[in-house]
Amino acid sequence: MAGSDKAGGGGIMKAPLPIEEILRGISANDMQPAADELQERVNALSEIEYEQKRKELAAEYNVRISALDRLRKKPEAQKQGKVLKLEDPIPAPDPQDGRRLLDDLTAQIGRFIAADASSIDAMALWAVFAHIADRAAVCPNLAFVSATKACGKSTALDVVSRLVPRAINIANITPAALFRVIEAAHPSLIIDEADTMFRQNEELRCLLNAGFTRSAAQVLRTVGDDYEPRMFTVWAPKAFALIGRLPDTLESRSVVIHMRRRLPDEEIERLRADQDQGFSQLQSRISRFVLDNVKAILNDEPELPEVLTDRQADVWRELFRIADIAGGGWPDRARRAALELCAKSDDDGDLSIRLLADLQTIFAELPERHMWPSQTIVDALNGLEEAPWAEMNNSKGLTTNRLARMLQRFEIHTKTVRTGNRTPKGYTAASFADIFARYLPNNRNTQQNSDNSLQNSNIKCCGNVFVADGNRNIHEKGCDDDSMAIDEGSPAGTAGGDELGIF
Numbered sequence: 475m476a477g478s479d480k481a482g483g484g485g486i487m488k489a490p491l492p493i494e495e496i497l498r499g500i501s502a503n504d505m506q507p508a509a510d511e512l513q514e515r516v517n518a519l520s521e522i523e524y525e526q527k528r529k530e531l532a533a534e535y536n537v538r539i540s541a542l543d544r545l546r547k548k549p550e551a552q553k554q555g556k557v558l559k560l561e562d563p564i565p566a567p568d569p570q571d572g573r574r575l576l577d578d579l580t581a582q583i584g585r586f587i588a589a590d591a592s593s594i595d596a597m598a599l600w601a602v603f604a605h606i607a608d609r610a611a612v613c614p615n616l617a618f619v620s621a622t623k624a625c626g627k628s629t630a631l632d633v634v635s636r637l638v639p640r641a642i643n644i645a646n647i648t649p650a651a652l653f654r655v656i657e658a659a660h661p662s663l664i665i666d667e668a669d670t671m672f673r674q675n676e677e678l679r680c681l682l683n684a685g686f687t688r689s690a691a692q693v694l695r696t697v698g699d700d701y702e703p704r705m706f707t708v709w710a711p712k713a714f715a716l717i718g719r720l721p722d723t724l725e726s727r728s729v730v731i732h733m734r735r736r737l738p739d740e741e742i743e744r745l746r747a748d749q750d751q752g753f754s755q756l757q758s759r760i761s762r763f764v765l766d767n768v769k770a771i772l773n774d775e776p777e778l779p780e781v782l783t784d785r786q787a788d789v790w791r792e793l794f795r796i797a798d799i800a801g802g803g804w805p806d807r808a809r810r811a812a813l814e815l816c817a818k819s820d821d822d823g824d825l826s827i828r829l830l831a832d833l834q835t836i837f838a839e840l841p842e843r844h845m846w847p848s849q850t851i852v853d854a855l856n857g858l859e860e861a862p863w864a865e866m867n868n869s870k871g872l873t874t875n876r877l878a879r880m881l882q883r884f885e886i887h888t889k890t891v892r893t894g895n896r897t898p899k900g901y902t903a904a905s906f907a908d909i910f911a912r913y914l915p916n917n918r919n920t921q922q923n924s925d926n927s928l929q930n931s932n933i934k935c936c937g938n939v940f941v942a943d944g945n946r947n948i949h950e951k952g953c954d955d956d957s958m959a960i961d962e963g964s965p966a967g968t969a970g971g972d973e974l975g976i977f
């Protein structure tokens, strides 16, 4: 009986061996028939019969039960769904000029998408990147976002899906199905209506976050009856479309394209589901370009714009490499696209960063002012046009308490501003200089103005008490801890600052 060797006369059976080890002891000529015979035997049983005899069969063949389970084809697996089969594009027969290829890609995308030039350039570069994603160290997402529906996001996803390799459109996918399809097929994932998916499944969003760097693109799961731990990859190029904003963690890992409803005079062609419309040829050309140039692309060390943050540089580095190897005007076009799209994302980004940017603007308008009561800042912020502050608190506007909470995360705290008999809370402009330099590196005006005005005003610090002399007429007036004394009747309290109440 196969695998039934016993030790001595005690009848002690050896520990079960994996099916692979059993087959390893069979001659090459007999291996396949033996494996087929075992598989045929377990599949000939009904579900109930197999459940009753699986332990007996495992002992007979000296194999693990989980090995038998893998050999047995589940009836439901035979009847439900269909086999996932994704084919690689066939490379074009001739070498491709990178500059001309990218030019043709942007022309093709522009036939069906109403978007600015930088957005279309980014889409073309990302479509090429999807063909080298398996070899890259970082895998940025492509995200189409809009304020409302009917802005062309689904069409943009459709266009991209026709250019990338092994595209699969997924909806309502489970986390387990996600990493298993990535492991099995190495697809390019196309995810429409991602806002619904992210709201309903936090675990799925975490898996997508993990797929940004290769070192982190692994998930650990247990499989089989013996709960064997196995690693699964979540590494795949991913394109999303959603209404609203991406979750912050995904946005920072994405090339974000802001879609808008097109104007009547923005004419585009209709994308047809029943026609190829030239996409297959372009997909084959991309495949050939990557085949010939993948080493050069991966070895390129692109020049990175200094204004990009470290994460933004990580997102765009792979696209810069493609543009550099393509040559022509594409190195400049890629960097211009990065700057423009990152600027749009920053404008719509974290509310705390928006707060710093607006404070920088307010402070820069009156650089000679050093002491800012909280209410003065709040009034100025709520008065800014096209800013979110006035709409907060059910359109009552930003409050001093909310302002204080938002600034606490940057370790900026209020101090007491003494104005005659009043002691409102406030801030010093100088306390923002370091934060502006760290989080708003593109504009140092406020930092420079704060440095200059501090030198000119001769402000001194006694513990946590800020005292100034000269034309500011700020002096030590019963200074307690965490307080700033200001002469309410001084010209500095009125001149140039009446409308804003700036001291």
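So the sequence shown is numbered by the working numbering: it starts at 475 and just counts up by one. Where a beta carbon is used, it is the ideal one built from N, C-alpha and C, also for glycine.
The criterion of a C-beta distance shorter than 8 Å is satisfied by Ile771 and Ile796.
Taking the C-beta atoms as reference points, Phe618 is found nearer than 8 Å to Ala715. The C-beta separation of Arg574 from Gly801 comes to about 10 Å, leaving the pair out of contact by the 8 Å criterion. Residue environment for Lys870: exposed (fewer than 16 other C-beta atoms within 10 angstroms of its C-beta). Of all alpha-carbon atoms in Glu523, Arg735, Thr648, Val516, the one lying nearest the alpha-carbon of Ala624 is that of Arg735.
Only residues of its own chain outside the window of five on either side were considered, and among them Asp832 have a CB closer than 7 Å to the CB of Leu858, listed in chain order.
For Ala713, the uninterrupted beta strand (DSSP E) segment begins and ends at 712-717. Straight-line measurement puts the Cα of Thr835 at about 16 Å from the Cα of Leu881.
Of Val697, Phe884, Ser728, the smallest CA-CA separation from Met705 is found for Val697. Shown here for Leu756: same chain residues with a beta carbon closer than 7 Å to its own, the five before and five after excluded, namely Asp578, Leu579, Gln582, Leu637 in chain order.
The Cβ-Cβ distance between Ala607 and Ser758 does not fall below 8 Å. Every beta strand (DSSP E) stretch that sits fully inside the stretch 869-912 and reaches 3 residues is listed by chain position as 889-893, 899-902.
By a beta-carbon distance limit of 8 Å, Asp595 contacts Ala811. Their separation comes to about 5 Å. In this structure, the CA atom of Thr648 is about 16 Å from the CA atom of Lys712.
Bridge pairing for Phe618: Ala715, Ile731 [DSSP].
Taking C-beta atoms under 8 Å as the contact rule, Ala904 and His844 qualify, at a distance of about 7 Å. The alpha-carbon of Glu523 is positioned some 18 Å away from that of Arg538. Counting along the chain, Arg704 sits inside the beta strand (DSSP E) bounded by residues 702-707. The beta carbons of Asp788 and Val516 sit no closer together than 8 Å.
Boundaries of the beta strand (DSSP E) harbouring Val693: 692-697, taken from the DSSP string. Residue environment: Asn868 is assigned as exposed (fewer than 16 neighbouring CB atoms within 10 Å of its CB, all protein chains considered). The three-state reading of DSSP puts Ala566 in coil, since its state is none of H, G, I, E or B. Distance check between Tyr901 and each of Leu855, Ile851, Phe884, Gln526 places Ile851 closest, using alpha-carbon atoms only. In summary, Ala651 is exposed, with fewer than 16 beta-carbon neighbours lying within 10 Å of its beta-carbon over all protein chains present. Straight-line spacing of the CA atoms in Phe653 and Ser540 works out to 21 Å.
Listed as beta-bridge partners of Leu663 by DSSP are Ile642, Lys712. DSSP places Trp600 in the uninterrupted alpha helix (DSSP H) bounded by 591-603.
Distance from Ser728 to Leu616 at the Cβ level is roughly 7 Å; contact confirmed, criterion being Cβ atoms closer than 8 Å. Apart from the 5 residues on each side of it in sequence, Ala604 sits with its Cβ closer than 6 Å to the Cβ of Val638, Ser662, Pro711 in its chain, given in chain order.
Within the same chain, and ignoring the five residues on either side of Cys816 in sequence, the residues whose Cβ sits closer than 6 Å to its Cβ are Gln786. Taking all protein chains shown into account, Gln674 has fewer than 16 neighbouring C-beta atoms within 10 Å of its C-beta and is therefore exposed.
Between the alpha carbons of Pro569 and Arg544 lies a gap of roughly 45 Å.
Put simply, the backbone Cα of Lys559 is about 12 Å away from that of Ile656.
Between Leu745 and Val634, the gap from beta carbon to beta carbon reaches 8 Å or more.
Taken atom to atom, the span from the alpha-carbon of Glu741 to that of Ala588 is near 8 Å. Restricting attention to Asp722, Asn643, Leu542, Pro841, the CA atom closest to the CA of Asp700 is found in Leu542.
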